[in-house]
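Taking it in order: structure first as structure tokens, then the write-up.
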Ligand code: NDP
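In the UniProt record's numbering, the protein residues as written are 2 to 336.
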């Protein structure tokens, strides 16, 4: 299949790219600069891989040229900001997420009529009802939508991120309903994504957001702060399973959302895994008696991941393997 992958430099996208190329798909990926294209190309020297430069997905018509790929059949849209160091939530988070999604879909409809299939990386952020807290006894599934409003979206960066994913995914389903394009849509909604970084491995300071808690626990930052960080979201998936779900969704799952989670985790469990697997990091990892990172006493929500289980048709990668492979990939001294 000829596939366009947006945001090819991303933590998750690099894994999607690796699977697509390994399976023999012909891939074009968008990156923000020629320099970034070169860094990705270096790791796939012999691959059927092309690049298009899309500097800012929020810009009007950003994808109009990028989708012009002869015989293009499918698009996987992953590019979207996921970080909390924002000065202007609207400009830094909401616009790229929503305009990027609307923009790529409009560009496909207009300039790439051969595309039959679009897969978008949404998030558990578009499912979870944050203010309801840990909701013991409640089961989250694909039926749930985050009810966050436009006013709530700009209150703080973390609500801004959740809103950006919610509004972007809604925009995508609305687009399909209103515009009745040639393609079908699938969205993949993962909670926290952990797992190994494919090269080039970034400096610790620019590690992608979801893996930062593991780095903090493994590198000494958590220990010097005196506690294990609070877990926040208690569901996760390994990046390799998530990437595979995107690729499998190219052939399956038209018109569906996939709540892609392997199950529960806590930051304390991450600590325990690192302590057990990396004795060389003993001085950096918080001790067994450190406080924090536990599951809440009252319990947490349940999850229904049946649809994703069926799509993947394999065992989920375990938290132990995910965290171990991630720590190894980071090249932390002593690990
Ligand atoms: P990364 O930060 O590693 O990747 C984000 C990608 O989006 C990068 O390629 C980045 O380009 C690109 N991007 C961001 N903003 C812009 C912009 N304005 N213009 C052009 N490109 C832009 O994060 P992940 O790989 O973790 O995230 C990928 C997707 O998965 C996102 O949609 C995210 O919301 C979603 N997701 C991630 C989860 C996680 O836990 N990691 C959980 C749930 C969903 P560059 O590198 O050049 O800045």
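In this text, a Cβ means the ideal position worked out from N, Cα and C, and glycines have one as well.
ask   = Are the beta-carbon atoms belonging to residue 90 and residue 158 less than 8 Å from one another?
value = Sequence index remark: in the chain shown, residue 90 carries index 89 (1-based). Sequence index remark: in the chain shown, residue 158 carries index 157 (1-based). Contact flag set, yes.
request  = Look at the alpha carbon of residue 231 and the alpha carbon of residue 211, and state the distance between them as a whole number of angstroms.
outcome  = Looking up residue 231 in the chain shown gives position 230. Looking up residue 211 in the chain shown gives position 210. So the alpha carbons of these two residues sit roughly 14 Å apart.
request  = Taking only heavy atoms of ligand 1 into account, decide whether any of them is closer than 7 Å to the Cβ of residue 258.
outcome  = Counted from its first residue, the chain shown places residue 258 at position 257. Not so, every heavy atom of ligand 1 lies at least 7 Å from the Cβ.
key: Continuous beta strand (DSSP E) assignments of at least 3 residues falling wholly in the stretch 165-246   = 185-190, 193-195 and 236-239
request  = With a cut-off of 8 Å on the beta carbons, I'd call residue 24 and residue 248 a contact; round off their distance for me.
outcome  = Locating residue 24 in the chain shown gives position 23, where the first residue counts as 1. Locating residue 248 in the chain shown gives position 247, where the first residue counts as 1. About 7 Å; that satisfies the 8 Å criterion.
Straight-line gap, residue 77 to residue 187 (C-alpha atoms, nearest Å) = As a first step, residue 77 must be located in the chain shown, where it is residue number 76. As a first step, residue 187 must be located in the chain shown, where it is residue number 186. Straight-line Cα distance between these residues: approximately 10 Å.
Near ligand 1: residue 308 beta-carbon under 7 Å from a heavy atom = The residue you call residue 308 lines up with position 307 of the chain shown. No, ligand 1 has no heavy atom inside 7 Å of this Cβ.
request  = With a threshold of 16 other CB atoms inside 10 Å of the CB of residue 220, please say whether the residue is buried or exposed.
outcome  = Taking the chain shown and counting its residues from 1, the one referred to as residue 220 is at position 219. Buried, since its Cβ has 16 or more Cβ neighbours within 10 Å.
task = Return the residue from the list 35, 246, 18 and 280 that minimises the CA-CA distance to residue 45.
result = The sequence position of residue 45 within the chain shown is 44, counting from 1. Closest option to residue 45, Cα to Cα, is 18.
message = Relative to the C-alpha of residue 151, which candidate in 315, 171 and 43 has its C-alpha closest?
response = Stepping through the chain shown from its first residue, residue 151 is reached at position 150. Comparing Cα-Cα distances from residue 151 to each of 315, 171 and 43, the minimum goes to 171.
query = Is the beta carbon of residue 13 less than 8 Å from the beta carbon of residue 155?
reply = The residue given as residue 13 occupies position 12 in the chain shown. The residue given as residue 155 occupies position 154 in the chain shown. Not in contact: residue 13 and residue 155 (Cβ atoms no closer than 8 Å).
query = Touching or not, the stretch 299-313 and the stretch 245-262, by the rule of three or more beta carbon pairs under 8 Å?
reply = yes
Euclidean distance between Cα positions of residue 243 and residue 15 = Position 242 of the chain shown holds residue 243. Position 14 of the chain shown holds residue 15. Roughly 12 Å between the two C-alpha positions.
key: Inter-residue Cα distance where the pair is residue 116 and residue 4   = Residue numbering aside, residue 116 sits at position 115 when the chain shown is read from its first letter. Residue numbering aside, residue 4 sits at position 3 when the chain shown is read from its first letter. Taking the straight line from one Cα to the other gives about 9 Å.
query = Would you say the beta carbon of residue 209 comes nearer than 7 Å to a heavy atom of ligand 1?
reply = If you number the chain shown from 1, residue 209 lands on position 208. Checking the Cβ of residue 209 against ligand 1 gives yes.
Outcome for residue 202 when other beta-carbon atoms lying within 10 angstroms are tallied against a minimum of 16 = On the chain shown, residue 202 is found 201 positions in, with the first residue counted as 1. Exposed, by the Cβ-count rule.
inquiry  = Quick check on the burial criterion: 16 or more other C-beta atoms within 10 angstroms. Buried or exposed for residue 34?
reply    = Taking the first residue of the chain shown as position 1, residue 34 is located at position 33. Exposed: under 16 other Cβ atoms inside 10 Å.
query = Per the contact definition of three or more C-beta pairs closer than 8 Å, is the stretch 128-136 in contact with the stretch 291-306?
reply = yes
message = Taking the alpha-carbon of residue 75 as reference, which of 214, 43 and 184 has the nearest alpha-carbon?
response = Position 74 of the chain shown, counted from the first residue, corresponds to residue 75. Residue 184 is the option with its Cα nearest to residue 75.
message = Given 7 Å as the limit, tell me if residue 164 has its C-beta closer than that to any heavy atom belonging to ligand 1.
response = Locating residue 164 in the chain shown gives position 163, where the first residue counts as 1. Not under cutoff, so the answer is no.
request  = In angstroms with no decimal places, state the Cα-to-Cα distance between residue 1 and residue 286.
outcome  = With the chain covering only 2 through 336, there is no way to say anything about residue 1.
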